[in-house]
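First the structure, in the form of structure tokens, and then the observations on it.
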Amino acid sequence: MTSYTSWSRFSKSMHWLIAMCIFVAAMLGWIAHESAMSPGKLQLFLWHKSVGITVLGLMCLRLVWRLIHAAPQDVSGMTAQELKLANLGHWVLYAFAILLPLSGWILNSAANYPFRWFGLFEIPMLMGPDKDIQTAATRAHWTLFCILAALVAGHVVMAFKHHLAGIPLLSRMLPERLGIVPTLAFLLGLSAAWVGLAYTMSYSTPSSRANQDQSAGQAVTQESVSGVSAGAKTAPLWVMDAESSSLTFIATYDDIEFKGGFSEFAPVINFDATDLAGSIFDVSINTTTVDTDNYDRDELLPLTDWFWFEKYQEATYVATSFESLESGQYRANGILELKGVSKSVPLEFNWEVVDENTATLVGTAVVNRRDFAIGDGGWFDDPTVGYEVKVMVDLMLTQSN
Ligand code: HEM
Ligand code: HEM
16 MTSYTSWSRF
26 SKSMHWLIAM
36 CIFVAAMLGW
46 IAHESAMSPG
56 KLQLFLWHKS
66 VGITVLGLMC
76 LRLVWRLIHA
86 APQDVSGMTA
96 QELKLANLGH
106 WVLYAFAILL
116 PLSGWILNSA
126 ANYPFRWFGL
136 FEIPMLMGPD
146 KDIQTAATRA
156 HWTLFCILAA
166 LVAGHVVMAF
176 KHHLAGIPLL
186 SRMLPERLGI
196 VPTLAFLLGL
206 SAAWVGLAYT
216 MSYSTPSSRA
226 NQDQSAGQAV
236 TQESVSGVSA
246 GAKTAPLWVM
256 DAESSSLTFI
266 ATYDDIEFKG
276 GFSEFAPVIN
286 FDATDLAGSI
296 FDVSINTTTV
306 DTDNYDRDEL
316 LPLTDWFWFE
326 KYQEATYVAT
336 SFESLESGQY
346 RANGILELKG
356 VSKSVPLEFN
366 WEVVDENTAT
376 LVGTAVVNRR
386 DFAIGDGGWF
396 DDPTVGYEVK
406 VMVDLMLTQS
416 N
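In this note's numbering, the protein residues as written are 16 to 416.
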């Protein structure tokens, strides 16, 4: 077998590139973890995860490369015992530099936070939401990080110790024409620039709502709701079968869709396709039952910037004006009142009479979250939290006698 005195250009590039990425991921993770909840914090975590997944990919590639390419020949000046320990130490570094990002990926999947690698493509989730796995993987992520940090510290100390003892381990890992100081200074400078750029980009979301004229919510509050009580309820009343009905929505974070829903809502539906003038929808929604299957996000939703549970527990949707579209399709021109704001929101729906007493109503409406100050304060202008939310209603109804 051919033996080499130095690491290949590929091995050296991988070593320093991965070392830099691990340093950047650690800094971003640490800063994000210490920051108060805000759109910027979540953006920093998006950077953290993208850099972390890069480490995982590069480490796997490097592992395969290392398994099929021999290390350089042993240097003189080290005992057999020291060589064995150094070799073992390197394999342990491989293991932890793979396990750490893997634990991050698992914790992120269990927490149900889909994300795109540097905004380019979606990283698949490894599992569905699971609070227990999320808790265990979060603890493991931190523990693995501490172990890897200690291993790297020991690794660096040993590299310098050997270097000072005249054993050329460090020089055979350095780029050909660069000394140790320029190499480390270059890598540290690049890492600091990367962290600085990520931080600046994360916290430079467009002007906050506080700087705006704040007119969005107030203007629509003025919108007329006077037509609501005008209709006469001549159409038959339909009662919802709660077990077979749902009120859900699809929103986006970082351009990736996620689903949510309200488990408690009470629709009063008077509808007759041949008597649209006598039809009325009057729906009450218990907003405190909102759930998006993401424990961290669901902890934010009760707060002032989101649904503000303390002040608003109910939203209503009232429609007295209906239009017939193509066969079986209708549009309700209703008013949604949510978080103190009333605004017209058309609901297009399909009405299907299953038998004499049963009908289904399946419809969708598009709501702009900003019209109702859902995601206020720093979230208001944050485009990562998609503005448009698609609301889906699927009702199984029985005609009341
Ligand atoms: C070499 C790569 C990585 C390093 C050095 C690293 C390091 C860290 C550090 C220092 C923290 C803050 C401490 C903590 O809260 O536990 C953290 C948190 C976090 N990391 Fe990583 N991480 C890496 C990879 C990843 C990857 C690949 C993901 C996901 C795809 C990820 C997701 C997270 C998440 C979601 C948190 C917040 C945990 C919490 O709820 O507190 N990490 N990471
Ligand atoms: C996160 C940071 C780091 C990680 C994960 C890491 C990991 C590794 C691994 C796995 C090897 C073995 C190479 C192989 O078998 O393919 C290695 C070699 C080496 N590392 Fe690091 N390293 C890191 C940072 C550093 C730093 C900062 C220095 C020096 C200042 C350094 C100096 C060296 C040297 C000199 C070797 C070659 C040893 C030899 O020739 O036998 N490493 N490193």
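Built from N, CA and C at the ideal position, the CB exists for glycine as well.
- Counting C-beta pairs with one atom in each stretch, the segment 343-359 and the segment 288-303 have three or more that are closer than 8 Å, which means they touch.
- Rounded to whole angstroms, the separation of the alpha carbons of residue 171 and residue 327 is 56 Å.
- The C-alpha of residue 125 is placed about 4 Å away from the C-alpha of residue 144.
- Within 6 Å of the C-beta of residue 159 there is not a single heavy atom belonging to ligand 1.
- In the structure shown, the three-state DSSP call for residue 139 is coil.
- The Cβ atoms of residue 43 and residue 62 sit closer than 7 Å to each other.
- Straight across, the Cα-Cα distance linking residue 325 with residue 41 is about 37 Å.
- In the three-state scheme derived from DSSP, where H, G and I count as helix and E and B as strand, residue 307 is classed as coil.
- Your pair residue 255 and residue 410 checks out as a contact, with CB atoms roughly 5 Å apart and the cut at 8 Å.
- Here residue 122 is actually not in contact with residue 158; their C-beta atoms are around 12 Å apart, not less than 8 Å.
- For residue 378, no alpha helix (DSSP H) encloses it; the enclosing beta strand (DSSP E) starts and ends at 373-383.
- With fewer than 16 other Cβ atoms inside 10 Å of its own Cβ, residue 196 counts as exposed.
- Only exposed fits residue 106, as fewer than 16 other CB atoms lie within 10 angstroms of its CB.
- Taken in chain order, the whole alpha helix (DSSP H) runs of length 4 or more contained in the segment 106-186 are 146-179.
- At a threshold of 6 Å, residue 64 counts as near ligand 1, since its beta carbon sits closer than that to one of the ligand's heavy atoms.
- When the alpha-carbon of residue 262 is set against those of 376, 94, 50, the nearest one is in 376.
- Rounded to the nearest whole angstrom, the C-alpha separation of residue 73 and residue 113 is 9 Å.
- Ranked by Cα distance from residue 345, the first of 71, 364, 359 is 364.
- Cβ atoms of residue 264 and residue 347 stay farther apart than 8 Å, at about 17 Å.
- With contacts defined by Cβ atoms closer than 7 Å, residue 374 and residue 412 form a contacting pair.
- Relative to the non-hydrogen atoms of ligand 2, the Cβ of residue 171 comes within a distance shorter than 6 Å of at least one.
- Residue environment for residue 68: buried (at least 16 other C-beta atoms within 10 angstroms of its C-beta).
- Fully enclosed alpha helix (DSSP H) runs of no fewer than 4 residues are not present anywhere in the segment 55-102.
- Counting C-beta atoms within 10 angstroms of its own C-beta, residue 176 has fewer than 16 neighbours from the protein chains shown and is therefore classed as exposed.
- Pairwise C-beta distances place the segment 130-141 out of contact with the segment 85-105, as fewer than three of them are shorter than 8 Å.
- Taking 3 residues as the minimum length, the beta strand (DSSP E) runs contained wholly in the segment 287-343 are 295-301, 329-339, in order along the chain.
- Between the alpha carbons of residue 209 and residue 103 lies a gap of roughly 32 Å.
- Judged by DSSP in its simplified three-state form, residue 192 adopts coil rather than helix or strand.
- Between residue 59 and residue 217, the C-beta spacing is below 7 Å.
- Rounded to the nearest angstrom, the gap between the Cα atoms of residue 47 and residue 70 is 18 Å.
- The shortest C-alpha to C-alpha distance from residue 183 to any of 400, 155, 22 is the one to 22.
- Considering only 392, 308, 80, the residue with the shortest C-alpha distance to residue 24 is 80.
- Residue 116 has its CB nearer than 6 Å to a heavy atom of ligand 1.
- For residue 28, the enclosing alpha helix (DSSP H) covers residues 24-49.
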